[in-house]
Amino acid sequence: MTETETNTEKLTSMEIDVIGEVMNISMGTAATAMSTILNTKVNITTPKIETIGVDEFEFTQLEPVIGVLINYVEGIEGANVLLLKEADMKKILSQLFDMESSDDIEFDEISKSAIGEIMNQMMGAAAGALASFLGRVVNISPPVLLDTTNNKSIKELFSLKGENLVSINFHLSIDGLVESEFISAMEPALAREIVEMSMGASGIDDEEEVPVVPEEVPPQPSPVQPEPVRPEVQYEAPSPPRQQAPPSTRVVKNEQAEVNSYVSQQQPVQVTAYEYKPLGEEQKGETITGNNLDLLMSVPIQITVELGKTRKKIKDIADLTLGNIIELDRQAGDQVDVIANGRLIAKGDVVVVDDNYSVKITEIIKVKEEMNQKK
1 MTETETNTEK LTSMEIDVIG EVMNISMGTA ATAMSTILNT KVNITTPKIE TIGVDEFEFT
61 QLEPVIGVLI NYVEGIEGAN VLLLKEADMK KILSQLFDME SSDDIEFDEI SKSAIGEIMN
121 QMMGAAAGAL ASFLGRVVNI SPPVLLDTTN NKSIKELFSL KGENLVSINF HLSIDGLVES
181 EFISAMEPAL AREIVEMSMG ASGIDDEEEV PVVPEEVPPQ PSPVQPEPVR PEVQYEAPSP
241 PRQQAPPSTR VVKNEQAEVN SYVSQQQPVQ VTAYEYKPLG EEQKGETITG NNLDLLMSVP
301 IQITVELGKT RKKIKDIADL TLGNIIELDR QAGDQVDVIA NGRLIAKGDV VVVDDNYSVK
361 ITEIIKVKEE MNQKK
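Residues in the sequence shown are numbered consecutively from 1, following full-length UniProt numbering.
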C-alpha cells in the first residue's frame with residue numbers, strides 16, 4: 001500500500017468529531033439496553049478516538065479480554081470488534097445470573113450464549129439508534145465470540161482490511177459493579193462510511209445554500225462598468241425592484257427591497273385570504289367521512305388472550321427440561337385477559353368450541369376503568 005493510500009485511511013479531525021458524536025449516541029442506547037437486562041444503571045460515555053496502524057494497535061490494559069465480532073450487513077457494511085475485560089464480563093454475568101461472586105463464573109456454553117445475547121441486545125439497540133440518525137435501515141449479523149488467547153488474531157482480522165484501524169475507547173460504568181473501559185475497533189472504511197452518511201443526513205441544507213452565493217455574485221460584476229450611471233437613476237426613482245441590482249449599495253438596498261417585498265406580499269394576505277371564520281364548521285364536516293370510517297373499520301387488530309405471567313432468571317430458563325412446570329401468577333378458574341394491540345379490553349372464561357380453545361367474554365374493560373387499574 002502506498003503512502004497516499006495509507007493517508008486516505010486516516011480520519012481527519014472533523015471526521016473524528018463526527019464519528020465520536022455518532023458512536024456516543026449509539027452506545028448510549030446500547031447502555032440503556034444493558035441497563036434493562038441487568039436491572040441497574042449503566043453508562044457508556046466519553047469516547048476517545050484514534051486512527052492507528054494495525055501493527056501498533058495494543059489493548060494490554062484490558063487483557064485478558066473477551067472479543068466480540070459484529071458485522072454490519074445492511075445499510076452500512078463493515079466489521080466492528082468489541083474488546084472487554086474478562087473480569088468485567090464475569091461481573092456482568094454474576095449480576096445476570098444473580099450469583100454472589102464473579103469468581104464462580106466459568107466461560108462455558110451457557111456463559112458464552114449469555115454473552116452473545118447481551119452483545120446482541122446492546123449492538124442491536126445501537127444499530128437502531130444509528131439507523132434513526134442516518135435515516136436508513138441498519139442491520140447487524142449475530143455477534144460472534146473471538147478467540148482472544150492470542151492478540152495477534154485480532155490484528156490479523158483487521159490486517160485483511162488495510163494497514164490502519166479506528167480505535168474507540170469508551171468508559172463503562174455499571175452502578176455498584178463495574179468502573180472500567182472497553183474498546184470498539186472498526187475498519188476505517190466503515191468509520192468513513194458512517195461519517196459521510198451522517199454529514200449527508202445533517203448537511204443537506206448547507207450543500208444547497210452554497211451555490212446560492214455564486215448565483216448572486218455573477219450578475220453583480222456586469223453592472224460594475226456603468227456604475228456611475230445607475231446610482232443616479234436609483235436616487236431619482238428609488239423603486240424597490242431596481243434597488244437590488246447596484247453593487248455599490250447592495251447591502252442596504254437589498255435589505256430595503258426585501259422588507260418592501262415582504263410588506264407587499266403580506267398586505268393582500270392579511271386582508272381577506274387568512275380570515276378563517278367558518279374553519280371549525282368546515283373541519284367538523286370534513287374530519288371523518290363515511291369512507292374514512294369504513295377504512296378504519298377494516299383495519300385488522302391482533303387479539304391475544306393472556307392466561308398469566310411470571311418472571312424467570314436466564315439461569316432458570318437455561319436449565320429448563322421436558323416435564324418442568326412453570327407456575328403463573330393466577331389461580332385455576334381465574335378469568336383471563338383479552339388484549340387488543342397491547343391494551344386490555346375485556347376479561348373472560350376459557351371455553352372449548354369445536355375442539356378449539358375460546359374465550360367467553362364476561363367483562364368489558366372501559367378506558368376509564370383501565371386507567372384506574374393502572375393507577
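Beta carbons: idealized from backbone N, C-alpha and C, even for Gly.
Compute the Euclidean distance between the alpha carbons of N324 and L62, then round it to the nearest angstrom. 41 Å
Does the beta-carbon distance from P188 to N169 come in below 8 Å? no
Sequence-distant residues of its chain with Cβ nearer than 6 Å to I70 (five each side left out): N80, M123, I140, P143
Have a look at L177, T149, I118, M186 and flag the residue whose alpha-carbon is nearest the alpha-carbon of G162. M186
Based on the DSSP secondary-structure assignment, which residues constitute the bridge partners of V146? Note on residue identity: the sequence assigns Leu, not Val, to residue 146. G67.
CA-CA distance, V73 and V138? 8 Å
Using 8 Å as the threshold, is the C-beta distance between F158 and S198 below it? no
With a 10 Å radius around its C-beta and 16 neighbouring C-beta atoms as the bar for buried, classify G308 as buried or exposed. exposed
Span separating the alpha-carbon of D354 from that of D334: 22 Å
Hey, D175 and K85: beta-carbon distance below 8 Å or not? no
Relative to the C-alpha of I361, which residue among V336, R343, N341, A340 is closest? V336
Any 3 or more C-beta pairs closer than 8 Å across the region 190 to 197 and the region 8 to 27: yes
How is V299 classed by DSSP in three states: helix, strand or coil? coil
Is the region 98 to 110 in contact with the region 27 to 46, if contact means three or more CB pairs nearer than 8 Å? no
Considering Cα atoms alone, identify which of F57, H171, Q302 is closest to G342. Q302
Out of curiosity, what's the CA-to-CA distance linking I76 and V352? 51 Å
Residue burial classification, residue 393 (beta-carbon count within 10 angstroms, cutoff 16): No information on residue 393 is available, as it lies outside the stretch 1 to 375 that the chain covers here.
Considering only C-alpha positions, which residue in the set T310, A129, G348 is nearest to M23? A129
Separation of L83 from Q95, as counted between CA atoms: 20 Å
Taking the alpha carbon of I183 as the reference point, which residue from F57, V338, L322 has its own alpha carbon closest? F57
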